[in-house]
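Written out below as structure tokens is the structure these notes cover.
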Amino acid sequence: MVTVSAQRFQSARVTQFKESVIREMTRLAIQFGAVNLAQGFPDFPAPVELKAAAQRAIADDLNQYSITWGAKPFRDVITEYYRRFYNLSLDPERELTVCCGSTEGMIATLLALLNSGDEVVLFEPFYENYWPDSQLSGAVCRYVPLRAPDWTFDPDQLRGAFNKKTRAVILNTPNNPTGRVFSRAELEIIAELCEQFDCLLITDEIYEHITFDGKRHVPPITLPGMRERCVLVNSLSKTFSVTGWRVGWVIAPPELTNSIRKVHDFLTVGAATPLQAAGVTALRLPDEYFRTLAENYAGKRDRLMAVLEAAGFRCHKPGGAYYVMCDISNLGFGSDVDCCDHLVKEIGIAAVPGSSFFSDEADGANLVRFCFAKRTETLDLAGERLARLRA
Ligand code: GLN
Numbered sequence: 029m030v031t032v033s034a035q036r037f038q039s040a041r042v043t044q045f046k047e048s049v050i051r052e053m054t055r056l057a058i059q060f061g062a063v064n065l066a067q068g069f070p071d072f073p074a075p076v077e078l079k080a081a082a083q084r085a086i087a088d089d090l091n092q093y094s095i096t097w098g099a100k101p102f103r104d105v106i107t108e109y110y111r112r113f114y115n116l117s118l119d120p121e122r123e124l125t126v127c128c129g130s131t132e133g134m135i136a137t138l139l140a141l142l143n144s145g146d147e148v149v150l151f152e153p154f155y156e157n158y159w160p161d162s163q164l165s166g167a168v169c170r171y172v173p174l175r176a177p178d179w180t181f182d183p184d185q186l187r188g189a190f191n192k193k194t195r196a197v198i199l200n201t202p203n204n205p206t207g208r209v210f211s212r213a214e215l216e217i218i219a220e221l222c223e224q225f226d227c228l229l230i231t232d233e234i235y236e237h238i239t240f241d242g243k244r245h246v247p248p249i250t251l252p253g254m255r256e257r258c259v260l261v262n263s264l265s266k267t268f269s270v271t272g273w274r275v276g277w278v279i280a281p282p283e284l285t286n287s288i289r290k291v292h293d294f295l296t297v298g299a300a301t302p303l304q305a306a307g308v309t310a311l312r313l314p315d316e317y318f319r320t321l322a323e324n325y326a327g328k329r330d331r332l333m334a335v336l337e338a339a340g341f342r343c344h345k346p347g348g349a350y351y352v353m354c355d356i357s358n359l360g361f362g363s364d365v366d367c368c369d370h371l372v373k374e375i376g377i378a379a380v381p382g383s384s385f386f387s388d389e390a391d392g393a394n395l396v397r398f399c400f401a402k403r404t405e406t407l408d409l410a411g412e413r414l415a416r417l418r419a
């Protein structure tokens with residue numbers, strides 16, 4: 029066998045990449061038969077109406093390419109959905125790009141809108157894709173800490189992260205991994221800086237409907253003056269429990285959409301046609317669906333927090349999304365990685381080490397993230413296993 033040298037053939041842009049820790053934990057969960065509370069996806073079925081709609085679409089021969097930036101009926105219904113929930117009016121012909129999940133939406137956006145040496149502001153801890161996405165587009169990241177227990181930022185620190193080279197801020201609200209739902213006042217601070225420094229606000233809003241305790245998601249694009257500066261990334265994945273469908277979209281002003289569509293087209297051509305058809309059914313589900321989704325997740329959050337606290341973890345209560353960040357400093361592990369290693373191999377629980385959400389691993393060494401998008405039985409089984417931790 030010929031051994032091919034990675035040094036000779038690996039591109040320079042990839043050399044600094046680590047494997048995704050989140051996806052790695054899913055593989056370890058399978059290997060060790062652990063309950064997977066690591067990667068964020070539900071272990072319960074998607075809504076029956078959606079499954080039926082996807083099956084129907086395939087049977088009806090919707091199996092060829094759609095228009096590269098999205099099937100017309102799906103773009104129309106996305107438009108309807110933003111009017112319904114946020115009273116936002118969009119032009120589906122000029123402001124929307126349907127992508128293969130928000131993951132593609134984000135990277136297509138950055139590749140389309142950033143140049144080498146541009147700077148991007150990230151709130152830290154951050155969802156692990158944003159750093160490699162920035163790298164691939166040649167941008168340099170500036171980090172602004174979100175401070176526990178509330179995971180708020182210091183406006184002066186945020187201001188300090190901006191300069192002449194700043195081209196964009198990436199904001200995920202409701203936030204993965206902290207569960208922070210950014211308030212209107214916080215968003216206004218961010219928006220004002222974006223205006224002052226003439227840069228974009230790229231928002232990842234995939235947990236928009238998963239909010240608790242009366243908190244409501246505010247899309248920054250709805251703030252005065254932000255319509256022209258916001259690029260909104262979203263998907264069907266979390267709201268409709270179909271993370272494997274890979275159907276997302278990007279909303280951006282027409283000029284920017286033009287660029288994003290080109291990158292998207294050459295990267296993937298388009299998202300799966302029958303699943304876009306099922307997306308029409310999804311986005312038209314009654315308000316009741318969205319209310320119940322949030323209520324069910326609130327119950328799951330409380331259940332998982334009770335289980336974790338009984339096992340000795342100190343939990344930060346999330347206001348949204350479906351993760352609990354825990355402080356493990358009182359549990360006697362050497363690090364977050366040691367803790368997750370022990371949990372997956374000895375206790376039978378997979379979780380994500382906090383360090384995977386930080387630029388400096390040391391900053392996450394006391395943190396571990398658990399996902400509660402799971403059936404009651406799964407959360408209870410996690411509870412039984414975690415009881416062994418105390419023993
Ligand atoms: N957002 C999910 C998480 O943080 C997973 C996303 C993914 O793996 N593509 O776990």
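Numbering-wise, the working numbering comes out as the position in the sequence shown, counting from 1, plus 28. C-beta atoms are modelled at their ideal positions from N, C-alpha and C, and glycine is treated no differently. This one's a predicted model, so the numbers in the text were calculated from it and none came from an experiment.
Buried versus exposed call for N262 [16 or more other C-beta atoms within 10 Å across all chains shown]: The residue is buried, with at least 16 neighbouring Cβ atoms inside 10 Å.
Own chain residues within Cβ distance below 7 Å of R418, not counting five before or after: Residues of the same chain with a CB within less than 7 Å of the CB of R418, apart from the 5 flanking positions on each side, are A339, G340 in chain order.
Those residues, in chain order, that have a beta-carbon closer than 6 Å to some heavy atom of ligand 1: Spelled out in chain order, the answer is I50, R51, Q67, G68, T131, Y155, N204.
A390 versus Q185, V365, A85, residue with shortest Cα-Cα distance: Nearest C-alpha to A390: V365.
Pair within 8 Å by beta-carbon distance, L28 and A305: One cannot answer for residue 28 here, as it falls past the ends of the chain, which runs 29 to 419.
Nearest residue (CA-CA) to N203, options A219, E220, V246: Closest option to N203, Cα to Cα, is V246.
Three or more C-beta pairs below 8 Å linking the region 129-147 and the region 276-292: Touching, yes.
Short Cβ contact (8 Å threshold) for K345 with F400: In terms of Cβ geometry, K345 and F400 do not form a close pair [threshold 8 Å].
Identified DSSP bridge partners for V63: Paired residues: I377.
Close-in-space but distant-in-sequence residues of the same chain around L181 (CB under 6 Å, 5 per side omitted): Residue 181 is actually Phe in this sequence, not Leu. Excluding residues within five positions, the ones whose Cβ falls inside 6 Å are V172, L174.
Counterpart residues of D71 in DSSP-defined beta bridges: In the DSSP output, where bridge partners are listed per residue, D71 has none listed.
Proximity of L229 and C222 at Cβ, strictly below 8 Å: Between L229 and C222, the gap from beta carbon to beta carbon is short of 8 Å.
Length of the line joining the Cα atoms of A140 and E108: Their Cα atoms are separated by approximately 26 Å.
Status (buried if at least 16 other CB within 10 Å, exposed otherwise) for E283: Classification for E283: exposed.
D388 classed as buried or exposed, judged by whether at least 16 other C-beta atoms fall within 10 angstroms: Exposed, since its Cβ has fewer than 16 Cβ neighbours within 10 Å.
Rounded C-alpha distance that separates S162 from V148: Cα to Cα, S162 sits roughly 8 Å from V148.
Extent of the continuous alpha helix (DSSP H) to which R175 belongs: Under the DSSP assignment, R175 falls outside any alpha helix (DSSP H); it carries neither an H nor an E label.
Spatially closest choice to A87 from A379, L303, G98, by CA coordinates: Per the C-alpha coordinates, the member of A379, L303, G98 positioned closest to A87 is L303.
Environment of F37 [buried if 16+ CB atoms lie within 10 Å]: When all chains shown are included, F37 counts as exposed.
For Q44 and V32, the rounded distance between their alpha carbons: Each residue's Cα considered, the two are about 19 Å apart.
DSSP-derived helix/strand/coil call for R274: DSSP places R274 in the coil class of the three-state scheme, outside both helix and strand.
First and last residue of the uninterrupted alpha helix (DSSP H) at V105: In the DSSP assignment, V105 falls within the alpha helix (DSSP H) that extends over 100-114.
Start-end ranges of the beta strand (DSSP E) lying completely within the region 115-182, minimum 3 residues: If only complete runs of 3 or more residues are kept, the region 115-182 shows the beta strand (DSSP E) at 124-127, 147-152, 168-173, in order along the chain.
Per DSSP, the bridge partner or partners of V261: Under DSSP, V261 shares a beta bridge with D232, V278.
Nearest-angstrom beta carbon gap, I95 and W277 [assumed within contact, 8 Å]: Rounded, the Cβ-Cβ distance is 13 Å, inconsistent with contact.
Local Cβ density within 10 Å of Y325, reported as buried at 16 or more and exposed below that: By the neighbour-count rule (16 or more Cβ atoms within 10 Å), Y325 is buried.
C-beta contact flag for L407 and L332 at 8 Å: In this structure, L332 lies closer than 8 Å to L407 by Cβ.
Three-state class that DSSP yields for C222 in the structure shown: Three-state DSSP puts C222 in a helix.
Own chain residues within Cβ distance below 8 Å of D178, not counting five before or after: Closer than 8 Å at the Cβ level, and outside the excluded window around D178, lie R208.
Same chain, Cβ closer than 7 Å to E256, five either side skipped, listed in chain order: So the qualifying residues of the chain are P281.
Where D355 sits in the DSSP three-state scheme: When secondary structure is reduced to three states using DSSP, D355 falls in the strand class.
Where A415 falls, given that 16 or more other Cβ within 10 Å makes a residue buried: Using a 10 angstroms sphere on the CB of A415, the tally of other CB atoms stays under 16, which defines it as exposed.
Start and end residues, beta strand (DSSP E) containing I198: 194-200 is the extent of the beta strand (DSSP E) around I198.
Proximity below 8 Å, CB of K193 to CB of Y235: No. Outside cutoff.
Within 8 Å, strictly: CB atoms of M50 and E220: A small correction: the amino acid at residue 50 is Ile; Met does not occupy that position in the sequence shown. For the 8 Å CB-CB criterion, I50 and E220 do not form a contact.
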